[in-house]
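Protein chains in written order, with the working numbering: chain A, 1 to 199; chain B, 200 to 398.
No residue lacks a Cβ here, since even glycine has one placed at the ideal position from N, Cα and C.
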DNA sequence: CGAAACGTTGACCGTTTTCAATTACAGTGG
DNA sequence: CCACTGTAATTGAAAACGGTCAACGTTTCG
């Protein structure tokens, strides 16, 4: 992971800004003129779309390393609110600069497209994962997708509490499921990593 | 919807091919040299990734109107199998032609990026939707996201059977939930459309 | 006209969620 | 250096919810 936002390099470093947000602080509001795209460096930014009837729907929660509001590049105004869920830091990539860089060099635009295509691939896979109803099967599928080498080993870079949200199961279920899978000999749990065992 | 693949127009029509697949037929195999990107015209293409340990994981199921294997543009070989779930038709967009078109004109590359960014936005929203556990809340959120006008009306362009898969609930649950929401006065069901009622 | 797909509803079962309680640490400030 | 607080990791038990099976009327379409 996490070359996710390599395209930030397309903009001159001097044009990038850092912004620090405290919990609950807004990065931008729905309707504000779209002036920048963002990359979350730390913390978590929640994007919420407000609807005509007064209700709202969460459309994304960008974690550290992820970018958000790319679509703002082609929009006049932001289509959702962005609020920090926790103290966060974001890199502000001015829309004008990024567009200029992309328009000037086809290679740059292709790099950008490539990053987006990678993200589309990832998101589709995640979505497909959610179609697996059974908790153990889903967890196994998630593990297999990110396993490397023989025997298959998955390095755990963040707490299960966080991973469980990505997998879409309550964290208790994850623990229980892992324990059971280990008992059944499907995997082995070690400090910071999981080894998928043959059968 | 479904300008999803407007970028197909970037390639000279004469270079596009149509391919018809019968149920179960393979469009390409993991490891095959990546030669094209595809747009599903009808039917459904299932993408499956095969893993080192012999197991496999579904990474996507492209329905009519969707494109697939965009990432193949930057890959030597396909990273998954593509098999028709049902009789299907796809437009074959030769990788070389598309890359050439994108590389020649920054505007074209930007259009491509734009389409991908839109898809990223959609996929994130769908994923976020899946985080809503409660069936009625999930259904309502889905409806609200695609409601237009005041009062909010959702036009139904396809059978619930299909929609239920997108929402991620068994179709029976959808029917039951809709019936209950209607009973509770949260919405009204009419021929081919749903009206969200105030409260 | 008949087969398929769609829409609908009831009932039951199984799984996941939720609530609760406990252990283990890591970091903080006195 | 040590209580003290907060997060992560676990596990148990009960409740709730969605999944699945079944049955049936309806519409669609070849």
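Per-residue burial, residue i [other beta carbons within 10 Å of its own, 16 or more giving buried]
i: residue 81 of chain A; result: buried
i: residue 29 of chain A; result: exposed
i: residue 201 of chain B; result: A caution first: residue 201 of chain B carries a pLDDT of 46, below 50, which makes its placement in the model unreliable, though a value can still be read off. Residue 201 of chain B comes out exposed.
i: residue 359 of chain B; result: exposed
i: residue 177 of chain A; result: buried
i: residue 277 of chain B; result: buried
i: residue 333 of chain B; result: exposed
i: residue 66 of chain A; result: buried
i: residue 121 of chain A; result: buried
i: residue 268 of chain B; result: buried
i: residue 232 of chain B; result: exposed
i: residue 7 of chain A; result: buried
i: residue 204 of chain B; result: buried
i: residue 274 of chain B; result: exposed
i: residue 86 of chain A; result: exposed
i: residue 260 of chain B; result: buried
i: residue 378 of chain B; result: exposed
Beta-carbon spacing of residue i, residue j below 8 angstroms
i: residue 10 of chain A; j: residue 110 of chain A; result: no
i: residue 95 of chain A; j: residue 72 of chain A; result: yes
i: residue 223 of chain B; j: residue 287 of chain B; result: no
i: residue 140 of chain A; j: residue 186 of chain A; result: yes
i: residue 37 of chain A; j: residue 49 of chain A; result: no
i: residue 263 of chain B; j: residue 240 of chain B; result: yes
i: residue 158 of chain A; j: residue 152 of chain A; result: no
i: residue 316 of chain B; j: residue 307 of chain B; result: no
i: residue 366 of chain B; j: residue 347 of chain B; result: no
i: residue 169 of chain A; j: residue 193 of chain A; result: no
i: residue 246 of chain A; j: residue 258 of chain B; result: Residue 246 of chain A is absent from the structure shown; chain A starts at 1 and stops at 199.
i: residue 312 of chain B; j: residue 112 of chain A; result: yes
i: residue 388 of chain B; j: residue 381 of chain B; result: yes
i: residue 90 of chain A; j: residue 154 of chain A; result: no
i: residue 201 of chain A; j: residue 326 of chain B; result: Chain A is shown only over 1 to 199; residue 201 of chain A falls outside these bounds and no answer can be derived.
i: residue 226 of chain B; j: residue 283 of chain B; result: yes
i: residue 52 of chain A; j: residue 349 of chain B; result: yes
i: residue 106 of chain A; j: residue 305 of chain B; result: yes
Residue i - partner residues in DSSP beta bridges
i: residue 237 of chain B; result: B:267, B:291
i: residue 47 of chain A; result: A:60, A:82
i: residue 232 of chain B; result: B:276
Residue range of the unbroken alpha helix (DSSP H) whose run includes residue i
i: residue 183 of chain A; result: 171-183
Limits of the unbroken beta strand (DSSP E) element including residue i
i: residue 363 of chain B; result: Run containing residue 363 of chain B: none in the beta strand (DSSP E); it sits in the alpha helix (DSSP H), 359-366.
i: residue 188 of chain A; result: 187-190
i: residue 392 of chain B; result: 392-395
i: residue 56 of chain A; result: 56-63
i: residue 19 of chain A; result: 17-21
i: residue 226 of chain B; result: 225-227
Distance cut-off 7 angstroms: residue i Cβ against heavy atoms of the ligand NAD
i: residue 122 of chain A; result: Looking for the ligand NAD in the displayed structure turns up nothing, as the structure carries no ligands at all.
(message) Threshold first: 4 residues or longer. Then list the alpha helix (DSSP H) segments lying entirely within the segment 299-353 of chain B, N to C.
(response) 305-329, 334-344
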